[in-house]
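For what it's worth, my numbering labels the leading residue of the sequence shown as 224, then goes sequentially. Where a beta carbon is used, it is the ideal one built from N, C-alpha and C, also for glycine. As structure tokens, the structure follows; a few thoughts come after it.
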Amino acid sequence: MRQCSTALWFCANTAVCIASLIACAARVQAAVLVENAWVRATVPGQKVAAVYLDIHSDARATLIGVRSPAASTAEVHSTSNDGGVAKMRQVQRLDLPAGQTVRLAPNGNHIMLMDIKQPLQAGARVPVVLIIEQKGKKKWIQVQAEVRPVTQ
Ligand SMILES: [Cu+2]
Numbered sequence: 224m225r226q227c228s229t230a231l232w233f234c235a236n237t238a239v240c241i242a243s244l245i246a247c248a249a250r251v252q253a254a255v256l257v258e259n260a261w262v263r264a265t266v267p268g269q270k271v272a273a274v275y276l277d278i279h280s281d282a283r284a285t286l287i288g289v290r291s292p293a294a295s296t297a298e299v300h301s302t303s304n305d306g307g308v309a310k311m312r313q314v315q316r317l318d319l320p321a322g323q324t325v326r327l328a329p330n331g332n333h334i335m336l337m338d339i340k341q342p343l344q345a346g347a348r349v350p351v352v353l354i355i356e357q358k359g360k361k362k363w364i365q366v367q368a369e370v371r372p373v374t375q
């Protein structure tokens, strides 16, 4: 918000007023940014896939659920190493600390798509909706996860 008051101050003093205010308004609205969403292409018969992405929230928030029209079920999972065997568990609430980027990445937290309806092909995009709770309000944020080739 400090940036916004700076924008207002500039507003009274310079010609960049409108641009600053627009940037400011966009920033307030986009308090939660989701970027770099991707998923690996599936191989024939594969019914599950993990989606990875980065979430940045200006204020403290919690990821409380996920959905995707591409799969019957979507869940947030954590990965832990249990004696050399990777194990996944469902995470009901994933904390998004203020001002930090939380990365969902291979071998860590991810979004699991289960019972995928159609094979995911490299180059396609898969819509994923994140349900985020912030200050008692729920926001639904839709992103398009880029399907990357299996070899990556
Ligand atoms: Cu998983």
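- Here Val257 is buried. Its C-beta has 16 or more other C-beta atoms within 10 Å.
- With a cutoff of 8 Å on beta-carbon distance, Pro372 and Ala328 are scored as not near each other.
- Distances from the CB of Ala368 to the heavy atoms of ligand 1 are all 7 Å or more.
- Secondary structure note for Asp305: its beta strand (DSSP E) is the uninterrupted segment 294-305.
- With a beta-carbon spacing of about 6 Å, Leu336 and Ala293 fall inside the 8 Å limit used to define contacts.
- Glu369 and Thr285 do not touch by the CB rule: their CB atoms are close to 25 Å apart, not below 8 Å.
- By the neighbour-count criterion, in which a residue is buried when 16 or more other Cβ atoms sit within 10 angstroms of its Cβ, Ser295 is exposed.
- Ranked by Cα distance from Ala264, the options Lys358, Val349, Glu298, Val366 are led by Val349.
- Every residue whose beta carbon comes nearer than 5 Å to a heavy atom of ligand 1 appears here in chain order: His300, Met311, Met335.
- In this structure, DSSP gives Pro350 an extended state, which the three-state scheme calls strand.
- When the five nearest sequence neighbours on each side are left out, the beta carbons in the same chain lying within less than 7 Å of the beta carbon of Ala272 are those of Val262, Arg263, Thr265, Leu336, Ile339, Leu343, in order along the chain.
- In the same chain as Lys362, and ignoring 5 residues on each side of it, the C-beta atoms closer than 6 Å to its own belong to Ile355, in chain order.
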